[in-house]
Amino acid sequence: MGNKNRNPWLAIVALALGAFSISLAEFLPVGLLYEISRSFDVSEGTAGITVTSTSILAALAGPILTLAIGRLDRRVVVLGLSLLLIVSNAFSMITTHFFVLVIARIILGISVGGFWAVAMTAQAQLVPQEKIAKATSVVLGGFGIGTVISVPLASFMAAHFDLRIVFTVGCMLAIAVFIIQFILLPRIPMDQGVRGKDFLELMKTRKVITVFFIAILTVGGQFAAYTYITPFFQNVTGIGPDLLSAVLLVYGLVSFISNFAAGFIAGRSLKGLLVGTVVIFLISLLGISLFEDNVVISIVAFIIWAIAWGMAPLGLQLLVYSTAGNAIEAMSPIYVGIYQLSVSLGALIGGLVVDMTNVTGAMWLGTFSFALVLILLTITTTVNNNRSLVSRTE
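Mapping of the sequence shown onto the numbering used here: position 226 corresponds to residue 231, and the numbering continues sequentially without gaps.
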């Protein structure tokens, strides 16, 4: 273990707060697309660039920064990335030009990708070996809470306040988190960094490539549809802003809770978890796509969708763990890059479909993506039911 800290769990909480503030900032625009479109006079598909630009840079920043920082003190790296988060929120808060907003989101992407590239290895240096899994769950818990409240919070605030107030709240939170991290994080030296050949060796493995395809289709399918769920409910289903905020909040809460159910299922069958998750995705998205103008069916299908999305990240993470073996430190930043790239590709392609057809087209695109995942999971032998991989991560 690296530098010992009298109160290592305070440092872990500081990292979890970083995960919370970064995930909140990353996904706020999903609940703001309509307001961004109206405020900056761009189409809703174009407004989706505020999601894709962040994810593209995050996908690139993860592996690149992992190589660039080498053995640099992870405390310095985390604080630097938190400063970038503050800068991004500040630009988003003050700008009146869409181009500048996109630049701010690009800066955020560097912070997001860099944070996830170093956070998992950094927290492992702060606690004893037997506590690493618990520390990881705390950090990922911060991310989970951020994703749960980001969209409903943005939707609620945009309905009652100016758009820039939302970014102001994000900026204030980022400043508070930086101060907490500055106080609580100790030095986190690393014995060695990841080498380029470590990445290359992984990318030559067929099982690794299969896992990445599953991740791309799953995450891409999610964000091809979910990025445009706010304009879908507003323009197609006709839900008012207050009801929409409540529905989005329920979605987030159900997703958060279903994550725990995913752990229970994974302990018995990882492939069962993954296949079951994809089937739930298909049922919910088909319901929304086929009954788009029915308020009750659309809301019920959306909540069912929340169950699937709550289980998907854990299932994918366990799949990565089971495939990487001893190469997890090298595979993690690649997976971060793949994950973020999938967010951007899903939102981008979904935006193109929205502009070419309508918002419901994004829901059908997500349905098609999950149909491909189900086929891939059915025919692949990559996924096994090894319970030991679950126990290593709990």
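For glycine and all other residues, C-beta sits at the position ideal for the given N, C-alpha and C.
Start and end residues, alpha helix (DSSP H) containing residue i
{"i": "G53", "result": "No alpha helix (DSSP H) contains G53, which DSSP labels as neither H nor E."}
{"i": "Q186", "result": "L168 to L189"}
{"i": "L5", "result": "Missing from the structure shown is residue 5; the chain here goes from 6 to 399 and no further."}
{"i": "P133", "result": "Premise fails: P133 is in no alpha helix (DSSP H) and is neither H nor E."}
{"i": "R43", "result": "L38 to F45"}
{"i": "L22", "result": "P13 to F32"}
{"i": "G245", "result": "First-last for G245: undefined, no H or E at that position."}
CB contact flag (residue i, residue j, <8 angstroms)
{"i": "G400", "j": "G351", "result": "Lying before the first or after the last residue shown, residue 400 is absent from the chain, which here runs from 6 to 399."}
{"i": "K276", "j": "L145", "result": "no"}
{"i": "T362", "j": "L38", "result": "no"}
{"i": "S2", "j": "A230", "result": "Shown here, the chain extends from 6 to 399; a query on residue 2 therefore has no answer."}
{"i": "V348", "j": "T223", "result": "no"}
{"i": "G355", "j": "F228", "result": "yes"}
{"i": "L353", "j": "T57", "result": "yes"}
{"i": "A411", "j": "S87", "result": "Within the shown structure, residues of the chain are numbered from 6 to 399, placing residue 411 beyond reach of any answer."}
{"i": "G366", "j": "L290", "result": "no"}
{"i": "T282", "j": "A306", "result": "no"}
{"i": "G114", "j": "I61", "result": "yes"}
{"i": "F32", "j": "V156", "result": "yes"}
Between the CA atoms of residue j and residue i - distance to the nearest angstrom
{"i": "T210", "j": "M336", "result": "12 angstroms"}
{"i": "Q322", "j": "I170", "result": "35 angstroms"}
{"i": "Y340", "j": "F217", "result": "7 angstroms"}
{"i": "R392", "j": "F269", "result": "Any reading at R392 needs caution, since the residue's pLDDT is 45, under 50, leaving its predicted position unreliable; the model's value is listed next. Spanning the two alpha carbons is a distance of roughly 11 angstroms."}
{"i": "V47", "j": "V359", "result": "13 angstroms"}
{"i": "T55", "j": "S260", "result": "23 angstroms"}
{"i": "L168", "j": "G23", "result": "23 angstroms"}
{"i": "M6", "j": "L189", "result": "Here M6 scores only 41 on pLDDT, less than 50, and its place in the model should not be relied on; the value that follows carries that caveat. Taking the straight line joining both Cα atoms gives about 18 angstroms."}
{"i": "R80", "j": "P191", "result": "7 angstroms"}
{"i": "G215", "j": "S327", "result": "Looking at the sequence itself, residue 215 is Thr, so the reference to Gly does not match. Going by the C-alpha atoms only, they are around 13 angstroms apart."}
{"i": "V182", "j": "I384", "result": "45 angstroms"}
Residue i - DSSP class collapsed to helix/strand/coil
{"i": "R110", "result": "helix"}
{"i": "T385", "result": "coil"}
{"i": "Y256", "result": "helix"}
{"i": "I380", "result": "helix"}
{"i": "M336", "result": "helix"}
{"i": "R211", "result": "helix"}
{"i": "D360", "result": "helix"}
{"i": "G75", "result": "coil"}
Notebook entry, point to check: Counting Cβ pairs, one atom from each stretch, are 3 or more of them under 8 angstroms apart for the stretch 153-168 and the stretch 242-257?
Noted result: yes
Margin query: Check whether the stretch 58-70 and the stretch 104-122 are in contact - that is, three or more C-beta pairs closer than 8 angstroms.
Written below: yes
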